[in-house]
Amino acid sequence: MPKRTPAKDKCRAKPKRSRRTDSQPSTSRTIAKDETLSPFDMLPNQDLDRILSYFSSADRVALERVCHRWRESLLRSYTRRTQLTLPFDIQKDWQVQVPRKNHYVSYLTKCGESLIKLRMHIPQMMFGLQLVKSMMAKCRSLQAVEILADCNSRTIRNFIDTLTSLQEETNTKLQLFALRYRCTQYCGYNLNNSLSQLSDELLQTELFDLQVQHFPYKVERILPNNPRLTHLIISFTEHKFIKIGENWMVETMSALSAYQRLKTLFIALKGWIDVDRDVEIFKRMTALSPALKSFLFSAVSLNTTPNQFEYTFISAVALFRGLESLALLHCKIPDNFPWCLPPRLTKLELRHVRNLSLTGLLNICNAAPYLVHLDLEQDFWREGTVFHNTETLISIITACPFLTNVIMAWVANVDLKKIAITLAYCIHDSSSVIGIPSPPCDTFTLVLLGSFTFEQLEEAGTSLEDYGCCTDKITVDEHLTRVTFTTRRRCAHPQSGRNLLRRRERYYPVLNRYFIGIRLKYERLPKRPTRSSSCPPRMHV
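According to my numbering, the stretch in the sequence shown is residues 25 to 565, in order.
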């Protein structure tokens, strides 16, 4: 029998290279010399999660099979998701035009436990009752639900019934329920039965675009029976001229008086709805929640003359002594209207208000001395009115010494240089110059909506620098829709360097194609510690 050569013995005796498993730690001691780590293995978990987030859901299914670490990273991305909009998020993640049933179920299986808010566009979703039950069975931690639908759809009732049944099983408390749809007669008379089954812990309810003709003109039939309700938005709409009875608003106030914890109230009468005068509104509004802090009223009427109902309703706003925010939309108020606003009012929004000139606006400002935020919309700044001069801004700031936020929409033919000079005076203490008191804080916000040129913005930045503000940078996009002025206040005394003020950059969201945002934000630098006599001087080595 021939003997084995030493070379063959050495070759057979060579140990096999051990492969590192996913459970073993990726340390340098357990890795062989000829073994190298891949770039993905050297990345931390935070960077790996960010890279894998760019893949679609269809690709993530295949990526989960690569290794155990990738699977954990993908599962972490699902568990971090708290909001979901169907079916648009499914279409984006799966890259499909019409999602199927397995797309919804597989997606909600992974992220359903962590979902807190769910928005559903029912007109874009083609499914039945079984899919609704399968989807909602995965979402057991929902706190906010928004439904966007159109026309007669039984899916709305099925969705609400399934939601209420699952809440009883999982013992979850729904806090927000929003319904935005054009209901028909069938849904109108059966909506109350579904809403009454919602959770007793419901805090916010939003009902939009409810047609008046499909309801018996009584709000209590469509409001949920939740005594803890704090946020209520209800709007009626109709395309035809409908005259509601005189007692309609009285019955509405009687129904709302049952919610004594109400803090936010939104009443919108859209379309062409005419309501006659009723003096009982004063008595009914006194029974509303004393904790009401935000109130919005919108009424669109076919007549161009001011309606007596609006006078009665707006005058009753003064009864809310704790009101902090007030918004009036599509109202017609003359200049000689006797304004009597709540004493704690700090935010006022006037949008599309007609028959109101500079005199009426100043009367409003004088009635609210502690006003901080003022929002003026399109009808104020149209051509041919007195609101196209800088004196308007000066008059508003003079009337409201605590005003720090002003929004002027659809500004046309306005000299931005004068606006910048006025803004510089507002930031500095220039009461002895033009009579404008300095704001109590170092922040003043001015938002201008309009169409401007780059030369005008450059001139405005130069004016800010000439009148006490050092302009470091002006950021403008190509469409002149977002402008940011990086400025800081100059030091009044050169020797006191610790009193310098610096600015933070802030961007406003793009509202439309013609958006200009100017925000000056200042903060005081921390004081430099002074050397006392007891402290020995620093030794230099």
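Where a beta carbon is used, it is the ideal one built from N, C-alpha and C, also for glycine.
Give me the residue from the options with the minimum Cα distance to residue i.
i, options, result
"Lys371", "Pro111, Val169, His397, Leu286", "His397"
"Ser165", "Leu253, Gln107, Ser97, Met277", "Gln107"
"Ala279", "Met309, Lys287, Thr288", "Met309"
"Ala311", "Val341, Leu172, Met277", "Met277"
"Leu190", "Gln167, Ile171, Thr109, Ala202", "Gln167"
"Phe319", "Phe361, Glu193, Leu256", "Leu256"
"Ser322", "Lys125, Arg375, Arg93, Asn390", "Arg375"
"Met66", "Ile357, Val85, Arg93", "Arg93"
"Cys135", "Ser101, Val120, Ser381, His145", "Ser101"
"Tyr335", "Glu88, Leu347, Ala161, Ile357", "Ile357"
"Val156", "Ile184, Leu172, Ser138", "Ile184"
"Pro425", "Tyr394, Lys441, Asp399, Lys442", "Tyr394"
"Arg204", "Val169, Thr186, Glu192, Glu193", "Val169"
"Thr422", "Asn390, Asp399, Lys441", "Asn390"
"Ser349", "Asn360, Lys317, Phe337", "Lys317"
"Ile420", "Thr133, Asn387, Ser97", "Asn387"
"Arg104", "Phe201, Ser77, Leu253, Val85", "Ser77"
"Phe201", "Leu142, Asp83, Arg124", "Leu142"
"Val120", "Met144, Asp83, Arg95, Leu99", "Asp83"
"Arg252", "Arg285, Glu96, His145", "Arg285"
"Val129", "Arg95, Leu99, Thr254, Lys162", "Lys162"
"Glu373", "Asn360, Asp359, Ser281, Asp399", "Asp399"
"Thr607", "Glu96, Leu98, Glu275, His145", "Lying outside 25 to 565, the shown extent of the chain, residue 607 is not represented and no answer is given."
"Ile258", "Glu88, Leu98, Phe290", "Phe290"
"Gln154", "Glu137, Glu96, Lys125", "Lys125"
Buried or exposed for residue i, please, with buried defined as at least 16 other CB atoms from any protein chain shown within 10 angstroms of its CB.
i, result
"Ala8", "Residue 8 lies beyond the stretch modelled for the chain, which goes from 25 to 565, so this question has no answer here."
"Ile458", "The predicted model places Ile458 with a pLDDT of 41, which falls under 50 and marks its position as unreliable, so this point remains unresolved."
"Val122", "exposed"
"Arg527", "Residue placement at Arg527 cannot be trusted, given a pLDDT of 30 that sits under 50; what the coordinates show is reported in the next sentence. Flag for Arg527 reads buried."
"Val410", "Reliability fails at Val410, whose pLDDT of 45 lies under 50, so the model's placement of it is uncertain and the value that follows must be treated cautiously. Exposed: under 16 other Cβ atoms inside 10 Å."
"Pro111", "buried"
"Asn69", "exposed"
"Thr229", "buried"
"Lys116", "exposed"
"Val90", "exposed"
"Asn182", "buried"
"Val341", "buried"
"Thr383", "exposed"
"Ile180", "buried"
"Thr54", "No answer about Thr54 holds up, because its pLDDT of 46 lies below 50 and its placement is not dependable."
"Tyr131", "buried"
"Ala315", "exposed"
"Val377", "buried"
"Leu72", "buried"
"Ile171", "buried"
"Thr477", "exposed"
"Ala86", "exposed"
"Lys287", "buried"
"Ser487", "buried"
"Ile75", "exposed"
"Ser381", "exposed"
Pop quiz: residue i and residue j are said to be a contact at Cβ under 8 Å. What is the actual Cβ separation, rounded to whole angstroms?
i, j, result
"Cys364", "Ser339", "7 Å"
"Ile140", "His127", "Contact doesn't hold; Cβ gap of about 21 Å is too wide."
"Leu347", "Arg368", "7 Å"
"Gln199", "Leu231", "Not quite, the Cβ-Cβ distance comes to about 16 Å (not below 8 Å), so this is no contact."
"Pro366", "Phe344", "6 Å"
"Trp118", "Ser80", "6 Å"
"Thr23", "Met160", "No information on residue 23 is available, as it lies outside the stretch 25 to 565 that the chain covers here."
"Glu483", "Lys441", "5 Å"
Subject >> Sequence ranges, alpha helix (DSSP H) only - wholly within the segment 70 to 155, length at least 4 >> reply: If we require 4 residues or more, the alpha helix (DSSP H) runs fully inside the segment 70 to 155 come out as 81 to 87, 92 to 103, 112 to 118, 125 to 135.
**OP:** Identify every run of the alpha helix (DSSP H) within the segment 329 to 408, keeping only runs that are complete inside it and at least 4 residues long; order them along the chain.
**Re:** Runs of the alpha helix (DSSP H) inside the segment 329 to 408: 332 to 339, 382 to 391.
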